[in-house]
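Heads up: the sequence shown is residues 66 to 385, going by the working numbering. In this text, a Cβ means the ideal position worked out from N, Cα and C, and glycines have one as well. Just so it is clear, the structure is predicted and the values come from calculations on it, not from any experiment. Structure first, then comments.
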Amino acid sequence: MARVLVTGATGCLGHEIALQLLAEGDQVVALGRNAQFGAGLAAAGAQFIVGDLTQGPPPLQGIDVVHHCAALSSAWGTEAAFRATNVTATTQLLHAARAAGVGRFVFTSSPSIYADGTDRFDLAEDAPLPAIFASLYAASKAEAEAQVLAANSAAMPCVALRPRGIYGRGDRSLLPRLLAAMRRGRVPMIDGGQAQIDLTHVSDAARAQILAGRADGIGGRVFNVTSGVAYTFTELVDVAARLMGLNPRRIALPYGVAMGVAGVLEGFHHLFLPQVEPILTRQAVASLGKSLTLDISAARAALGYVPRVELTEGMRDYVA
């Protein structure tokens, strides 16, 4: 039985990691900002701490493993906010973990760092990264990931995972945005909706993260994590429409036009509504309009990771 800290424990992935660890008998210290979700974790047996890593790391004495999931995960925000939450807080947590004698540090990175405005297929972890990242979020996650891997040592092995398109119960990003567009009655089909997208059900992503916290000989490595199956955006809309009983109008939108519209909307919001995310962002256009699929053979081989949840089952879990 290990004593494990989960940061971002009231977010979609962190919450699921905490619950799976508790079910397996580990002692869980759960750090998060949402007291309501935290109360549920406490009732399940976790030690819940209301906290924000931008205010400094929590006490780490006696912690065996850190699962660092806390992040500003958004298509919208300022560079200062992304750096404070995703980079500086990670640096401080790494230093505190090393000083406290933590045995392993597992970081939730992001495959958004692969995006370069082109279609990219079956990428392995050593695929080239773009010289300029597609978003402030991607840039901050790439910098934080590099710091985590550089901190790897025999005393505290450090590992990073890049889970693609996490969805399922507790999702506050991918499916909520898609379903909101569908309920408005119009879904933009960028370049015909043929971009291929990997997804990962939250239970699979959590399992991969836990496996990385237990596997030997993987310090300093990074692993892609997906469901193992790519879907076109059209297929995602088809499944969601069937489950929700919706029939939205599908608006054909060339990629260049979509990117231009998103740029105009972002400019307007920066000037007049900086606290409100535009209805369409350049990150969303890049995510939905260009194919990005990942090779997960390294996670299968080194972690023993096997995805279990297919798309329809996973979406049904969310809408239930």
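- Counting of Cβ neighbours within 10 angstroms places E210 among the buried residues, the total reaching 16 or more.
- In this structure, the alpha-carbon of L96 lies about 25 Å from that of D382.
- Its chain contains Y232, G233 and H266 as the residues whose beta carbon lies nearer than 7 Å to that of G379, once the 5 sequence neighbours on both sides are disregarded; these appear in chain order.
- Considered as a whole, the stretch 91-179 harbours 92-97, 112-115, 130-133 and 169-173 as its complete beta strand (DSSP E) runs of no fewer than 3 residues, in chain order.
- A180 places its beta carbon 7 Å or farther from that of A349.
- With a cut-off of 8 Å on Cβ pairs, the stretch 350-367 is in contact with the stretch 253-264, counting three or more such pairs.
- Here P222 carries a coil assignment [DSSP, helix/strand/coil].
- Within 10 angstroms of the beta-carbon of P193 lie fewer than 16 other beta-carbons, which makes it exposed.
- Collapsing the DSSP output to three states places T299 in a helix.
- For the 7 Å CB-CB criterion, R286 and V213 do not form a contact.
- Annotated as distal: I82 and Q340, with beta-carbon spacing of 7 Å or more.
- Secondary structure at P339: coil, using DSSP grouped into helix, strand and coil.
- Counting only runs of 3+ residues, the beta strand (DSSP E) found wholly inside the stretch 262-297 occupies 287-290 and 295-297, in chain order.
- CA-to-CA, the gap between P122 and G369 works out to about 31 Å.
- In the assembly as shown, T150 is a buried residue. Its beta-carbon has 16 or more other beta-carbons within 10 Å.
- In the DSSP assignment, T183 is bridged to no other residue.
- The C-beta distance from N289 to E190 rounds to 6 Å, short enough to fall under 8 Å.
- Assigned with DSSP and collapsed to three states, R373 falls in coil, not helix or strand.
- Excluding sequence positions up to five before and after A270, its CB lies within less than 7 Å of the CB of L78, P228, I231 and V290, all in the same chain and listed in chain order.
- When the beta-carbon positions are compared, P313 and V374 stay at least 7 Å from each other.
- Residue pairing by DSSP places I316 opposite P253 in a beta bridge.
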